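Quick look at the structure:
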């Protein structure tokens, strides 16, 4: 816990901001190859992501699902969406954390083995987005579990997610060098 | 002296009962007569066991086997008398019978005892035949005691079949008088006189005579296929009468057959009569083993068990040697166990008012002591150690095995089947759930104390035979084993 | 001192202890507590005394023989012979009875007020005394008496829980089977009597030469069936899986642990001691019977989900293993290989001892579980390791021992059995080699399946989560129950570690049999506790034990210091995908065994019952619950016992037609009998 706290303190802003227009222009295969390089180095060739829907409106899920379609096909870069947090290196939490889903989120976090990274995906997950202030939500994933990185967008496009993932991996790589 | 005393006592008891108007007095008279008879019979047995007791050829003459049988009659008679008192009290309380029926019961009871004892004691085949016939007559009304149609039918069958059988027996008896010639006219012809002349008997006539006697008295013994009256009569009579019928009456008829067997053996040798007895005994065992499997009435079950046990005794006498010893002991044990079982069946009947096995369940809850004793009696009668019938069965079997191995194997198989039959039926009755409205507990202590005493006696006799009894058995074996 | 124990006076004291125990508990029938303590304490004292008697007879230089009392029957003599074989069995019986009695003190408390403890205690004492008499009788008739007393007493113990109709049926089946068995034994003894003129074992033994081969063979077959019924050889085993679950658990432990061994004892006594020499096929028959019983027994156990029935089937399996040893002993003897025969006999005796310890332990453990959870169905148990850790450990010990895992005792006796079978393959020619190959194969197979079965049993009962409300509220059994089980577990381990010495003692026991006289063959050596099978191979139990310890330690340290060096272990709850974990998620014991059963469906003829309950009765698209029942059809009932029963019933109905009720017919019978008899006599 202390380690996590220190980690959150060490990374003042977990938000991964990317220039959308720049992202529009990049070639997916190039980004993908870079991701693959990082994954090979940091995760021995396979990054396992567990996606947690914490009360999302399914917009972010659509985009995440798109990542696996033949166009993007992230699996070729070594990124997998897995069925259990026990297998995951990274949690991707979406949605503003509805009250009913908070416990599920916490349990998923607890069940993910260390070392683990938590990414809040989409504006809802970062600060509640349009649901902010509702009695039914906790407003942000970080209010429930520690969050390492955030990917903005409502929802972020698959291309944006890929770019952000690359950035996250670069950050992780940089941190691990430190 | 004692035979006269017995005859007198029982006659007097019957007469007094006829005159009495008081129930308690009737009960007292019958029980005290039974006690007196018991003491007299014991004295007879003790006297007969005296080393080489003289056996005068008088009106009454009792040999060792006769003394044993007389003693069993007296013991069972005493037990039955006491049991009857309490049994009939319950029936009167239930309103099934009235005072007149009770009086009639005790008159016939005493006459029945008298006839049986007379048959054993008297020293003349004709008189013995009359006495045995009169046991039939005295018990007919006891079998039809409840005046139900089925009981009347049973009594009628009993009368007809037994009379037919005994008539054949009478014919056989007369054939034994053929060699007497001049001697026949001189006074009462005793067994000794007959035995003295037996050697002059024509072998052919001797064989025919024995066949007639065996079939005739065999009917009374209950040997298959002449046994047909027995299940009906035993199941319809009141429990104490069934006990007497099954426990001792059958023995008397068997005793008669044995006496004629001695006469015949003098001419034909033991093999002929032995084989006949063996065949009928084995057949009885097989038939009862088979039929018991599908019986639905527990008193009939006990009746068939009697057929089986008579079969064992016949088998034992048939094979001779150690078989005779075993058969005599078997008769003693059976005479004690079977009445106990009939008394217990009477208890069950009093409680459940039914003789159908399917209607009886949970006896162990309703009548705990009776149930335990019934189980013990079942084990005793089927020949389970430590009860003595086990040893007698084994002895009969091994006597059988040395002479006729095949018969031995068949008998073993039949015994196993019999045990299974009996066990199956007994378990169905004793365990399970008792009818909900049935009150718990025994009816009255004497009703279970008497069978308990009988079973305890059997257990005691299984491991310890009193001196006089052993002596009597030895004498009897000497006389009847060829 | 030992002379006193192993004498007639010592034996009388032994019998008196049980007699007082039996009589006293009847007297105290009204008071459950007194009856309980009285009967079980006297049973304890008696068994303890019995152990001393047995040890006294074991160390006595000569067999102790004496006669007690007298009987009115000339052929019945209450004569006793305590040679080493009898003493060994006396020891086993007393040992197990001692611990079962301790266990019983607390166990029978749950019968208070329900059934009479007095009668239970009465028959319990009689039962133990009966077994001791069976093992020490030296007269055929006396033996039969003891045998029947033992059987009848155990029958009453089986039906003690008499409100259950099923128990009554089980008792009925048990007594019927045991009585049929006794009928065969009686026939066998009568044949022996016919040939030798005596029921005394010594006379039969000395007159053995006079027995013709035909009679000998008949006696063999009859007594194999008779004693085999008691021992539970397939297909005579049908009573065993019925009676063991019905009896109170300490009774099951005794019945399964030692009573069925009396059948083995009598087989050794009759075949090896009384009837030797014998033809080759006897041993072959025993080997086949053993192989079949072992393999089928364990297969049926696998299919069972009633824990006590499972254990009962394992008894059949272990009787099979014991018979393999005995059968090889007989085979070797008729092939004039006495040293190898000694090996086989030692193997079977050793397995007898071992099976007695671990099987009674398992039954007592199962009893503790059942006492707490009130169910024998393993599908309703589970998770008890957390609630009853000691019981779980004890049951695990028993399971490992029965699965023949070293260093527990089961391994070493099975190893010896294997050795004797391998020796059979190596040393015999084509006449018998095939049967040894089959036997060894079936034994190997049996071992593997037994392990699978106990993985199933232990897993279903003690691991995972409780599958019923009762199982959730189980508690550790009380003091005396544990006190009865712990020593048995310790003995299972101890007999394993010192098995070399035990085998040596057993060699002495077996060597005193007359068939082994004159062969100075110290075949099994126990130097430093090593069991050696004649240079062919050897095993050293203490070394095995040490190696196992070292291996365990090595694996533990290797994992800790090599693989998990940098890693930190954290404990968290099971990942349940958000749904709560329920017992329904666990694998059932039926499911566990299903695949193995289906492999053997040719032999076992499993029946599968599937039923689906739908939410919507008409369309049946939405199932609400599915149920699958895997059963094993009882081919012995349908192919052997049912037809026999039907035949008897048919004959019975046929015979009953005779009793037609028509008096004319009755008179006709008399006439027919008369004519028949006349025809015969003229």
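Protein chains in written order, with the working numbering: chain A, 1 to 178; chain B, 1 to 482; chain C, 1 to 682. Think of the CB as a built atom: it goes at the ideal place given N, C-alpha and C, for glycine as much as any other residue. Just so you know, these numbers come straight off a predicted model, no measurement behind them.
Inset, instruction - Spell out the partners DSSP gives residue 39 of chain C in its beta bridges. - result: According to DSSP, residue 39 of chain C bridges with nothing at all.
Inset, instruction - State the Cα-Cα distance for the pair residue 677 of chain C and residue 199 of chain C, rounded to the nearest angstrom. - result: A straight line joining the alpha-carbon of residue 677 of chain C with that of residue 199 of chain C spans about 36 Å.
Legend entry - Partner residues on chain B for residue 111 of chain C, Cβ-Cβ distance less than 9 Å: Those within 9 Å of residue 111 of chain C in chain B number zero; the least Cβ separation is about 15 Å.
Legend entry - Local Cβ density within 10 Å of residue 159 of chain A, reported as buried at 16 or more and exposed below that: buried
Legend entry - Straight-line Cα distance separating residue 216 of chain C from residue 272 of chain C: 12 Å
Inset, instruction - Can you tell me the Cβ-Cβ gap for residue 538 of chain B and residue 49 of chain B, rounded? I've got them flagged as a contact below 8 Å. - result: In the structure displayed, chain B extends from 1 to 482; residue 538 of chain B sits before or after that span and is not available.
Inset, instruction - With 8 Å as the threshold, decide whether the Cβ of residue 528 of chain C is near any Cβ in chain B. - result: Any reading at residue 528 of chain C must be qualified, since the residue scores a pLDDT of 49, below 50, and its modelled position is unreliable; the value itself is stated next. For residue 528 of chain C, the answer is no, since every Cβ of chain B falls outside 8 Å of its Cβ.
Legend entry - Beta-ladder partner(s) of residue 610 of chain C, from DSSP: C:628
Inset, instruction - Say whether chain B places a C-beta atom closer than 8 Å to the C-beta of residue 666 of chain C. - result: yes
Inset, instruction - Taking residue 148 of chain A and residue 122 of chain A to be in contact with their CB atoms under 8 Å, please state how far apart those CB atoms are, rounded to whole angstroms. - result: 16 Å between Cβ atoms; not a contact.
Legend entry - Alpha carbon of residue 467 of chain C to alpha carbon of residue 648 of chain C, nearest angstrom: Rounded to the nearest whole angstrom, the C-alpha separation of residue 467 of chain C and residue 648 of chain C is 45 Å.
Inset, instruction - Note down, in chain order, all residues in the stretch 109-142 of chain A with a beta-carbon under 7 Å from any beta-carbon belonging to chain C. - result: 110 and 111
Inset, instruction - Note the first and the last residue of the continuous alpha helix (DSSP H) segment covering residue 438 of chain B. - result: Neither: residue 438 of chain B is in no alpha helix (DSSP H) and is coded neither H nor E.
Inset, instruction - Measure from the C-beta of residue 312 of chain B to each C-beta in chain C and report whether the shortest distance is under 8 Å. - result: no
Inset, instruction - Rounded to whole angstroms, what's the CA-CA distance from residue 624 of chain C to residue 428 of chain B? Just pull it up for me. - result: Going by the C-alpha atoms only, they are around 41 Å apart.
Inset, instruction - Output, in chain order, the set of chain C residues within a Cβ distance shorter than 8 Å of residue 278 of chain B. - result: By Cβ distance, chain C contributes nothing, its closest Cβ being about 12 Å from residue 278 of chain B, past 8 Å.
Legend entry - Listed by chain order, chain C residues near residue 84 of chain A by CB distance under 8 Å: 575 and 577
Inset, instruction - Just the C-alpha distance for residue 304 of chain C and residue 68 of chain B, rounded to the nearest angstrom, thanks. - result: 58 Å
Inset, instruction - Counting only the same chain and skipping the five closest in sequence on each side, list residues whose C-beta sits under 6 Å from that of residue 586 of chain C. - result: 464
Inset, instruction - Answer with buried or exposed for residue 359 of chain C, where buried requires no fewer than 16 other C-beta atoms within 10 angstroms of its C-beta. - result: Counting of Cβ neighbours within 10 angstroms places residue 359 of chain C among the buried residues, the total reaching 16 or more.
Inset, instruction - Note down, in chain order, every chain C residue with its Cβ under 9 Å from the Cβ of residue 104 of chain A. - result: 578
Legend entry - residue 159 of chain B, DSSP secondary structure in three states: helix
Legend entry - Euclidean distance between Cα positions of residue 370 of chain C and residue 246 of chain C: So the alpha carbons of these two residues sit roughly 12 Å apart.
Inset, instruction - Taking 8 Å as the cut-off, decide whether the C-beta atoms of residue 46 of chain C and residue 24 of chain C are in contact. - result: Not closer than 8 Å, so no.
Legend entry - Proximity below 8 Å, CB of residue 105 of chain C to CB of residue 32 of chain C: no
Legend entry - Near-chain B residues of the stretch 128-148 of chain C - C-beta to any C-beta below 9 Å: Answer in chain order: 141, 144, 145, 146, 147 and 148.
Inset, instruction - From the DSSP output, in three-state form, read off residue 133 of chain B for me. - result: It is helical.
Legend entry - Span separating the alpha-carbon of residue 96 of chain B from that of residue 350 of chain B: 11 Å
Inset, instruction - Could you check the C-alpha separation between residue 229 of chain C and residue 254 of chain C for me, to the nearest Å? - result: 17 Å
Inset, instruction - Quick one: grab the DSSP three-state call for residue 528 of chain C. - result: Bear in mind that the predicted position of residue 528 of chain C carries a pLDDT of just 49, short of 50, making it unreliable; the figure below should be weighed with that in mind. Reduced to three states, the DSSP call for residue 528 of chain C is helix.
Legend entry - Inter-residue Cα distance where the pair is residue 682 of chain C and residue 172 of chain B: 15 Å
Inset, instruction - Taking only beta-carbon positions, decide if residue 452 of chain C is within less than 8 Å of chain B. - result: Taking Cβ atoms only, chain B never reaches closer than 8 Å to residue 452 of chain C, which makes this a no.
Inset, instruction - Tell me whether the beta-carbon of residue 239 of chain C lies closer than 8 Å to the beta-carbon of residue 178 of chain C. - result: yes
Legend entry - Beta carbon of residue 14 of chain C nearer than 8 Å to that of residue 38 of chain C: no
Legend entry - Expected contact under 8 Å - CB spacing of residue 62 of chain B and residue 44 of chain B to nearest Å: 6 Å
Legend entry - Inter-residue spacing [alpha-carbon to alpha-carbon] between residue 311 of chain C and residue 439 of chain C: 22 Å
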